[in-house]
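What follows is one structure encoded as structure tokens, with my remarks underneath.
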Amino acid sequence: MTRIGVVVFPGSNCEYDALNGVASLGAQAELVWHSTTDLSGFDGVILPGGFAHGDYLRPGALARFSPVMDAVRRFAEDGGSVLGICNGFQVLTEAGLLPGALQKNRGLAFLCQPTTLVVSSTTSVLTSRAVLGDELIIPINHFSGSYICDDPTYDELVTHNRIVLTYKDNPNGSRGDIAGIANEGGNVVGLMPHPERAMSTLLGSEDGRILLESFVATSLATLSR
Amino acid sequence: MVRFFVVNYFVIVDVTLRAGIADPEGATIEKALPALGFTGVSDVKAGKSFRMNIEATSETDALNKATALAERLLSNPVIEDAHVRLGEVSLS
Chain A
21 MTRIGVVVFP
31 GSNCEYDALN
41 GVASLGAQAE
51 LVWHSTTDLS
61 GFDGVILPGG
71 FAHGDYLRPG
81 ALARFSPVMD
91 AVRRFAEDGG
101 SVLGICNGFQ
111 VLTEAGLLPG
121 ALQKNRGLAF
131 LCQPTTLVVS
141 STTSVLTSRA
151 VLGDELIIPI
161 NHFSGSYICD
171 DPTYDELVTH
181 NRIVLTYKDN
191 PNGSRGDIAG
201 IANEGGNVVG
211 LMPHPERAMS
221 TLLGSEDGRI
231 LLESFVATSL
241 ATLSR
Chain B
38 MVRFFVVNYF
48 VIVDVTLRAG
58 IADPEGATIE
68 KALPALGFTG
78 VSDVKAGKSF
88 RMNIEATSET
98 DALNKATALA
108 ERLLSNPVIE
118 DAHVRLGEVS
128 LS
């Protein structure tokens with residue numbers, strides 16, 4: 021059974037959504053406190069949404085120094101699957117595990133709404149089972165979600181298929197409509213939308229299932245290769 | 038015998054967005070100004086300012102320490118620049 025660790029920082033608030041999301045797909049999910057320094061035994065790790073360390077200074081700026089982040093870095097370097105959702109994406113960019121940064125939304129509005137995402141690459145742990153060009157309805161819930169990076173980074177992301185999800189109708193001013201990106205190996209992915217909140221038609225959409233299914237399936241496959 | 042006196046230096050760190058990075062906060066403030074009767078104001082940029090006392094043996098030492106912590110924590114080099122300067126020196 022795939023074991024997924026969901027990291028909890030002081031101020032995280034989407035950890036149970038993430039936990040229940042992957043558990044509903046058959047994974048064994050466990051919460052992991054941010055002071056943990058050992059992630060061995062896990063097949064995948066999720067950094068959930070919320071306001072880690074109050075988002076003081078900048079979103080993710082203090083969380084990157086939490087003890088668990090050294091373990092997350094080693095886990096990623098060993099090929100482990102890492103998924104940062106919303107605040108988790110911000111933490112991954114601050115930690116340098118993903119390039120670029122998340123800036124305040126264009127228009128300075130806190131955005132909480134469904135968005136239509138387009139699958140732009142299937143060579144990542146989050147999109148391995150999705151179909152290129154498919155449209156997914158997934159909600160966003162953020163103030164600092166405008167993805168920004170310099171020209172060489174953007175060219176690198178485009179050239180190596182590292183833009184995994186884009187907004188059909190850009191809500192926040194992200195460069196290149198970027199909603200989610202992957203690292204060079206495709207095993208570390210960050211996205212601003214919340215797939216764990218789109219797991220049931222009862223709650224508006226179940227389009228997040230294909231993404232978390234990909235993550236759970238690929239996590240196991242990656243570490244047992 | 039040479040003795041180094043460690044004193045507190047008052048240091049100010051200003052963090053601003055790098056040139057070319059969109060600043061929606063500054064732009065929104067700028068747009069609000071004419072409605073309040075403040076005309077002729079342009080290029081408004083929003084940023085952060087940090088003030089601290091740093092124990093150091095000299096002004097250079099204090100500035101070096103401030104620069105290091107500003108680059109490591111206070112600013113995100115991807116989008117921000119940090120400007121470090123000395124305030125008044127206070128003995129303690």
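So the sequence lines, in the order shown, correspond to chains A and B.
With the numbering used here applied, the first sequence closes on residue 245, and no number is skipped along the way.
With the numbering used here applied, the second sequence closes on residue 129, and no number is skipped along the way.
The C-beta atom is built at its ideal place from N, Cα and C for all residues, glycine as well.
Quantities reported herein were computed from a predicted structural model and do not represent experimental measurements.
Chain-ordered chain A contacts of residue i [CB-CB under 8 angstroms]
{"i": "Thr53/B", "result": "Neighbours of Thr53/B on chain A: none; closest Cβ ~13 angstroms, over 8 angstroms."}
{"i": "Ile58/B", "result": "Gln123 and Ile168"}
Where residue i falls, given that 16 or more other Cβ within 10 Å makes a residue buried
{"i": "Ser79/B", "result": "exposed"}
{"i": "Glu233/A", "result": "buried"}
{"i": "Tyr167/A", "result": "buried"}
{"i": "Tyr46/B", "result": "buried"}
{"i": "Arg88/B", "result": "exposed"}
{"i": "Leu39/A", "result": "buried"}
{"i": "Thr179/A", "result": "exposed"}
{"i": "Leu222/A", "result": "exposed"}
{"i": "Arg109/B", "result": "exposed"}
Where residue i falls: helix, strand or coil (DSSP)
{"i": "Arg78/A", "result": "coil"}
{"i": "Ser32/A", "result": "strand"}
{"i": "Phe71/A", "result": "coil"}
{"i": "Leu59/A", "result": "coil"}
{"i": "Thr186/A", "result": "strand"}
{"i": "Met212/A", "result": "coil"}
{"i": "Val81/B", "result": "coil"}
{"i": "Ile134/A", "result": "In the sequence as displayed, the identity of residue 134/A is Pro instead of Ile. Strand, per DSSP."}
{"i": "Val111/A", "result": "helix"}
{"i": "Ser244/A", "result": "Reliability of the predicted coordinates at Ser244/A is poor, the pLDDT of 47 falling under 50, and no value is obtained from them."}
{"i": "Ile58/B", "result": "coil"}
Contact list for residue i against chain B, beta-carbon separation under 8 angstroms
{"i": "Glu204/A", "result": "Neighbours of Glu204/A on chain B: none; closest Cβ ~17 angstroms, over 8 angstroms."}
{"i": "Glu114/A", "result": "Asn113"}
{"i": "Lys188/A", "result": "Correct list: empty, because the minimum Cβ distance to chain B is about 21 angstroms."}
{"i": "Gly120/A", "result": "Val115"}
{"i": "Arg78/A", "result": "Asn113"}
{"i": "Ala81/A", "result": "Leu110 and Asn113"}
Beta-bridge pairing of residue i - partner residues as DSSP gives them
{"i": "Tyr167/A", "result": "Leu122/A"}
{"i": "Asp51/B", "result": "Ser86/B and His120/B"}
Closer than 9 angstroms at the beta carbon, the chain B residues around residue i
{"i": "Glu176/A", "result": "Under the 9 angstroms cutoff, chain B gives no residues; its nearest Cβ is about 14 angstroms from Glu176/A."}
{"i": "Gly193/A", "result": "Ala59 and Pro61"}
Interface partners of residue i on chain A, CB under 7 angstroms
{"i": "Glu62/B", "result": "Lys124 and Leu128"}
{"i": "Thr65/B", "result": "Leu128"}
Contact list for residue i against chain B, beta-carbon separation under 7 angstroms
{"i": "Ile230/A", "result": "By Cβ distance, chain B contributes nothing, its closest Cβ being about 31 angstroms from Ile230/A, past 7 angstroms."}
{"i": "Arg217/A", "result": "Going along chain B, no residue has its Cβ under 7 angstroms from Arg217/A, so there is no contact; the nearest lies around 26 angstroms."}
{"i": "Gly99/A", "result": "Correct list: empty, because the minimum Cβ distance to chain B is about 25 angstroms."}
Expected contact under 8 angstroms - CB spacing of residue i and residue j to nearest Å
{"i": "Glu62/B", "j": "Ala83/B", "result": "4 angstroms"}
{"i": "Val50/B", "j": "Ala105/B", "result": "Contact flag wrong, Cβ pair sits at about 11 angstroms."}
{"i": "Leu122/A", "j": "Gln110/A", "result": "5 angstroms"}
{"i": "Phe71/A", "j": "Asn33/A", "result": "7 angstroms"}
{"i": "Ile183/A", "j": "Leu118/A", "result": "So it is not a contact: roughly 12 angstroms between Cβ atoms."}
Distance cut-off 7 angstroms: residue i Cβ against heavy atoms of the ligand GTP
{"i": "His120/B", "result": "Ligands are entirely absent from the displayed structure, and the ligand GTP is therefore not among its contents."}
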